[in-house]
Amino acid sequence: ALWFLESRYSDSKNYRMLYSLAEPLAKKNYPEAQFALGMMYFNGQGIKQNYSKSLYWFKKALAHDPPLRNSSNIMLFIMEIYTKPGTENADQFVFWKLKSEEFEKQINNCEQN
């Protein structure tokens, strides 16, 4: 359902509507909604760009098991945030890079079996 809403409202650039629909779902622990909010804060779509809030929602989305199909992408966005002025953190960048590499190894092992 969120995918439908996201495609409908992001195509029309009505991100405020998407935000008003995604936020309550994100607070109820829906990982897709958490990812959507992370992206909106990352890009400043319909709301003021805020890397701290983006990190918060990305990390919440990653905490779910099984992982989201776009977990690798989320980790890349997190790594990018840690290279931005004001949020630079080399240790966190390395941490998420290693975590991303480990995740990719696990995915590749599953695909081979």
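Using my numbering, you'd call the opening residue of the sequence shown number 155 and step up by one each time.
Backbone N, C-alpha and C define an ideal beta-carbon position, used for all residues, glycine too.
What you are looking at is a predicted structure, and each value in this text was computed from that prediction instead of being measured.
>> Using CA atoms only, rank isn't needed, just tell me which of Asn168, Met194, Ala217 is closest to Lys207.
In response: Among Asn168, Met194, Ala217, the Cα nearest to that of Lys207 belongs to Met194.
> With C-beta atoms as the reference, is Trp211 less than 7 Å away from Leu230?
Replying inline: No.
>> Please report the straight-line C-alpha distance between Leu172 and Gln199, rounded to a whole angstrom.
In response: For the pair Leu172 and Gln199, the Cα-to-Cα distance works out to about 10 Å.
>> Is it buried or exposed, Ser225, if we count other Cβ atoms within 10 angstroms and call 16 or more buried?
In response: Counting Cβ neighbours within 10 Å, Ser225 comes out buried, since at least 16 surround it.
> Candidates Pro178, Leu209, Gln203: which alpha carbon is nearest Phe247's?
Replying inline: Out of Pro178, Leu209, Gln203, Leu209 has the C-alpha closest to the C-alpha of Phe247.
> In three-state DSSP terms, what is Ser245?
Replying inline: For clarity, residue 245 is Asp in the given sequence; the question names Ser instead. Correct three-state label for Asp245: helix.
> Looking at Thr241 and Tyr205, is the spacing between their C-beta atoms short of 7 Å?
Replying inline: The beta carbons of Tyr205 and Thr241 sit closer together than 7 Å.
> Skipping 5 residues on each side, what residues in its chain have a beta carbon closer than 7 Å to that of Glu177?
Replying inline: Excluding sequence neighbours, Glu177 sits near Leu191.
> What is the C-beta distance between Ile232 and Phe189, in whole angstroms, given that I count them as a contact (C-beta under 8 Å)?
Replying inline: That pair is no contact at about 12 Å.
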